[in-house]
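The sequence shown begins at 0 in numbering that gives the first Met the number 0 and counts up one residue at a time. Okay, structure first, notes after.
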Amino acid sequence: MSLSDEGGRIDVGQAPVEVLVGLFRSIGGSERQASDVAQQIIEWRNPNNTGRSNDAPQKSAQGADADWPFTDIRQLSLIPAMPPGWVDAIAPLTTVYGSETVNPLTGSAGVIAALPGIDEARLQAFLDMRRIFPADAARLEAILAPAQRYLEVKPQQVISVYLESRLADGFQAAARSIIVVLPDDSQPYRVLAWNPLPSPSGKGF
Numbered sequence: 000m001s002l003s004d005e006g007g008r009i010d011v012g013q014a015p016v017e018v019l020v021g022l023f024r025s026i027g028g029s030e031r032q033a034s035d036v037a038q039q040i041i042e043w044r045n046p047n048n049t050g051r052s053n054d055a056p057q058k059s060a061q062g063a064d065a066d067w068p069f070t071d072i073r074q075l076s077l078i079p080a081m082p083p084g085w086v087d088a089i090a091p092l093t094t095v096y097g098s099e100t101v102n103p104l105t106g107s108a109g110v111i112a113a114l115p116g117i118d119e120a121r122l123q124a125f126l127d128m129r130r131i132f133p134a135d136a137a138r139l140e141a142i143l144a145p146a147q148r149y150l151e152v153k154p155q156q157v158i159s160v161y162l163e164s165r166l167a168d169g170f171q172a173a174a175r176s177i178i179v180v181l182p183d184d185s186q187p188y189r190v191l192a193w194n195p196l197p198s199p200s201g202k203g204f
């Protein structure tokens, strides 16, 4: 079992347009491609925007609403300007369960690198410092000064859980789940998503 913080990822439903542009540039997109895709995502998120493209996918087909424009990263494949392979490429860096900002204490190197104003030297300095002072938010945010507006340290409430089971007879099963822990909730946690994954051995479910 492994755990990771959804708050340490870029939320495609809430991140500012410049963060989305940086995200797509970080996977090899040109400035024009990245800007075109990011702008179409913003139009999807703002259905009352009169400038939105007529080719944008209809929200009713996705079961989403204005407060929660995406319910699954894979919905991005319906964005008309989205090149093949981009959704898979950004999947490890993105979420639909985060916020406008990224938690610098839990964000991966790829996530931090995608933020505006972060070059390779600054990224490496940040990663080196985080290894030494993993909980010193002020010190870490100071290193990422150009991207500070896109950062916020917050409690880890929404967690991605990877589960894998292997039995002696060769049976294997795996799944990825999203759980949320809410203050003063009647339940210890709530499951937002449960996605079975293919078994490596082919002997699973």
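For glycine and all other residues, C-beta sits at the position ideal for the given N, C-alpha and C.
Which runs of the alpha helix (DSSP H) at least 4 residues long sit entirely within the stretch 132-181? Give them in chain order. 136-142
Contact check, Arg-8 vs Thr-94, beta carbons under 8 Å: yes
To the nearest angstrom, report how far apart Ala-37 and Asn-102 are at their CA atoms. 21 Å
Where does the unbroken alpha helix (DSSP H) through Ala-192 begin, and where does it stop? Not the alpha helix (DSSP H): Ala-192 falls in the beta strand (DSSP E), residues 189-196.
Please list, in chain order, all residues of the same chain as Arg-189 whose beta carbon is under 6 Å from its beta carbon, the five residues on each side excluded. Val-179
In whole angstroms, what separates the C-alpha of Arg-175 from that of Ile-41? 28 Å
Meets three-Cβ-pair contact criterion under 8 Å: the stretch 138-155 and the stretch 111-121: yes
From Gly-97 to Pro-46, what does the alpha carbon distance come to, in whole angstroms? 21 Å
If Arg-44 and Pro-82 are in contact, beta carbons under 8 Å, what's the gap, nearest whole angstrom? Contact doesn't hold; Cβ gap of about 20 Å is too wide.
How far does the alpha helix (DSSP H) with Ser-25 in it reach, from first residue to last? 16-25
DSSP state of Asp-127, grouped into three classes? helix
My assumption, with CB atoms under 8 Å, is that Phe-125 sits in contact with Leu-139. Please give the rounded CB distance. 6 Å
Quick check on DSSP: helix, strand or coil for Asp-35? helix
Considering Asp-4, what are the terminal residues of the beta strand (DSSP E) in which it resides? 1-4
If you reduce the DSSP assignment to three classes, tell me which class Ile-9 lands in. strand
Nearest CA to the CA of Ala-88: which residue from Asp-127, Gln-39, Ala-141, Gly-28? Gly-28
Helix, strand or coil: which one does DSSP assign to Val-95? coil
Pick from Ala-141, Asp-135, Trp-193 that is closest to Ile-158, judged by C-alpha positions: Trp-193
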